[in-house]
């Protein structure tokens, strides 16, 4: 279908499963520990996040929003240290000083996750400027949602990126839902009209289609690398019904790969999302229908990932809280 | 030793920064101001045009251009013509740059320098006379320096550019023409080191930026009345050199805090709090505050003068502290 090898597609699927099982564990941790901060979950966006991570090369940089867990895991951070951070523990990626909102791991190129709407898009533009000044071959990625485009700083950043020809790939996850209070309130008829007006090359992809997203981001990243100019990719997504920052719940149930083939078992008010919008189940179906992998193989992979997350959780829960004195260190470099 | 005005000295400091560090880069134009001293920038453009960029009027994104580039290892110097323009970049200064090192647990540094012209400057009116460094000082993670003269401006800019932290250099717009001897060679003045600009035994004026210049003039005037004034230039509010400040007040027993930020939660208030905590028993009289009163800065010259801390107000404050 895409010319990609089986290994590449399976590698993406494993990243997607890691992202999903990680965040399902976050929900459980939130339920068990009552309060661990707010959860801005990335569930439903795994095809996009994994595709972006796979388009990154060593030395590339990424800035994300606070809906960052998926990217942290997809770019290769240790899940145990990520859980530990979410629980505010000493072994957390940020030593307990950032929490869920600010997970970052410099070793994977994830420079920061700004929890200020509009933060990532301008910081990533600045990172692209830094890379360009240093003559690096690397590029910068900016992850944000459609709601970010409500913020004025985005227009300044897009303008700067275009004007200065900066190597930045804008990843816009658009899960705005007509009929509900939308996540963005934009007068533009199409999101892509915004970069278009600023002379930024733009593309659109089904953000829940793993193959399509992977191919699109590989192309878009290559385009940024070869031209040194920005590219804007809009990823269309159906918002996951559990995407609520305070309530940690499983409105669509714990992911069950078997449901990819047993659609008659899917019911309830979120059945449509499970049937057609869950990127994990869509990828599972595509694998089996194309004969790329068997159900048993995928189930075995899922079991390995689930065990990995169990071990990571155990590591995090065993990690002590930081000493209070740590609150006062690191204000300055 | 050559004579330089402050504009020339700060440009000299920038030139040394760019010569010494290939990662240093400049975002913005007009850092020598738009007055008679603006030609000072010509030297910089002649030597480093390729390392300067003139950005659009986008204060917020320009701040992030600097912060983001700093996070990849560059050392950007970002210039805002007037300090109040940076209100548009409030979030970027205090919530992004200031926090990134702490909240990443030291994984990431943001060695960016923001350079702002502040102060009551003659005709600035309510919207162009701001001195926001007390507001910035209310945010941990930022280094904030306020040079009072050419020699300090050069050395502090070099130190700001070499610092691994986000640093705000607040330059008083009316001091650009101030001239003194400035070493030609490269040097740095460490951030967080106050300097006693004038030794005295009767009263300590703890000041920064333009108020130091005013305090020096007041001291000359008061000497004729037999009041021997010590002038301490804090040079930076973050970090704050508590030891030098406290030592001065312990010596004189009297304190005037003089500064152009507002009276309420301003730098002068912080200095008085610091001395009250650390040298209460050494005080022979209540500290006196000379600061910007809680009113917008009006345009009309006599009205502007009424709200400006200056030589006569500082002199009066010293007399009051000394019981005259």
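Residue numbers (this note's numbering), protein chains in the order written: chain B, 1 to 333; chain F, 1001 to 1324.
Note that the Cβ used here is the ideal one computed from N, Cα and C, for glycine as well.
Please read these numbers as outputs of a predicted model, since none were measured by experiment.
| Just how far apart, CA to CA, sit residue 179(B) and residue 239(B)? | Bear in mind that the predicted position of residue 179(B) carries a pLDDT of just 47, short of 50, making it unreliable; the figure below should be weighed with that in mind. Near 13 Å, if we compare the C-alpha coordinates of residue 239(B) and residue 179(B).
| request: Would you check if the region 1236-1249 of chain F and the region 1263-1277 of chain F touch, i.e. whether three or more CB-CB distances between them fall below 8 Å? | output: yes
| Taking residue 64(B) as the reference, which of 129(B), 165(B) and 172(B) has the closest Cα? | 172(B)
| message | Determine, for residue 1072(F), whether the minimum Cβ-Cβ distance to residues of chain B falls below 8 Å. | response | yes
| task | Could you spell out where the alpha helix (DSSP H) holding residue 159(B) opens and where it closes? | result | 152-163
| field | Proximity below 8 Å, CB of residue 169(B) to CB of residue 221(B) | value | yes
| request: With 8 Å as the threshold, decide whether the Cβ of residue 116(B) is near any Cβ in chain F. | output: yes
| message | Just checking: is the beta-carbon of residue 1060(F) within a distance shorter than 8 Å of some beta-carbon in chain A? | response | The displayed structure is made up of protein chains B and F, and chain A is not among them.
| said: I believe residue 1204(F) touches residue 1254(F) by the beta-carbon criterion, under 8 Å. Please report the beta-carbon distance rounded to the nearest angstrom. | reply: 7 Å
| For residue 1067(F) and chain B, any beta-carbon pair shorter than 8 Å? | yes
| What residue range is occupied by the uninterrupted alpha helix (DSSP H) comprising residue 1135(F)? | 1133-1137
| said: Bridge partners for residue 235(B) per DSSP, in chain order? | reply: 173(B) and 205(B)
| Since residue 1138(F) meets chain B, which of its residues come closer than 7 Å, beta carbon to beta carbon? | What residue 1138(F) touches in chain B: nothing, since even the nearest Cβ is about 14 Å away.
| request: Could you tell me the boundaries of the beta strand (DSSP E) in which residue 1179(F) lies? | output: 1179-1181
| request: Using alpha carbons as the reference points, say which of 77(B), 122(B) and 226(B) lies closest to residue 136(B). | output: 226(B)
| message | Tell me which residues of the region 1010-1025 of chain F have at least one Cβ-Cβ distance to chain B shorter than 7 Å, keeping chain order. | response | 1025
| So what does DSSP say about residue 71(B), is it helix, strand or coil? | helix
| Within 8 Å of chain F by C-beta, residues of the region 143-176 of chain B in sequence order | 152, 153, 156, 157, 159, 160, 163 and 164
| request: Figure out for me which residue from 1130(F), 1100(F) and 1125(F) has the closest Cα to the Cα of residue 116(B). | output: 1100(F)
| query | Can you tell me the Cα-Cα spacing of residue 40(B) and residue 54(B), whole angstroms? | reply | 22 Å
| task | Examine the Cβ distances between the region 1124-1137 of chain F and the region 1056-1073 of chain F and report whether three or more of them are shorter than 8 Å. | result | no
| So with Cβ pairs under 8 Å, would you call residue 125(B) a contact of chain F? | yes
| message | When you compare the region 1151-1163 of chain F with the region 1257-1270 of chain F, are there three or more beta-carbon pairs, one atom per stretch, that lie closer than 8 Å? | response | no
| Using a beta-carbon distance cut-off of less than 8 Å, what residues from the region 1095-1127 of chain F approach chain B? | 1095, 1096, 1100, 1101, 1102, 1103, 1104, 1105, 1106, 1107, 1108, 1109 and 1111
| message | Distance cutoff 8 Å, beta carbons only. Does residue 69(B) sit that close to anything in chain F? | response | no
| field | Length of the line joining the Cα atoms of residue 1286(F) and residue 1239(F) | value | 25 Å
| Same chain, Cβ closer than 8 Å to residue 1249(F), neighbours up to 5 away in sequence not counted | 1204, 1206, 1255, 1275, 1279, 1282 and 1283
| query | Are residue 230(B) and residue 161(B) touching if we call contact CB-CB under 8 Å? | reply | yes
| query | For the beta strand (DSSP E) that contains residue 63(B), what are its first and last residues? | reply | 61-64
| Can you list, in chain order, the stretches of the beta strand (DSSP E) that have 3 or more residues and sit fully within the region 1139-1196 of chain F? | 1143-1145, 1167-1172 and 1179-1181
| request: Can you give me, in chain order, the residues of the region 63-88 of chain B that have a beta carbon less than 7 Å from any beta carbon in chain F? | output: none
| message | Rounded to the nearest angstrom, what separates residue 1052(F) and residue 1027(F) at their Cα positions? | response | 6 Å
| message | Alpha carbons only, please: which of 1237(F), 1265(F), 1226(F) and 1212(F) is nearest the one belonging to residue 1313(F)? | response | 1212(F)
| query | Any idea what DSSP makes of residue 245(B), helix, strand or coil? | reply | coil
| Skipping 5 residues on each side, what residues in its chain have a beta carbon closer than 7 Å to that of residue 1294(F)? | 1262, 1263 and 1264
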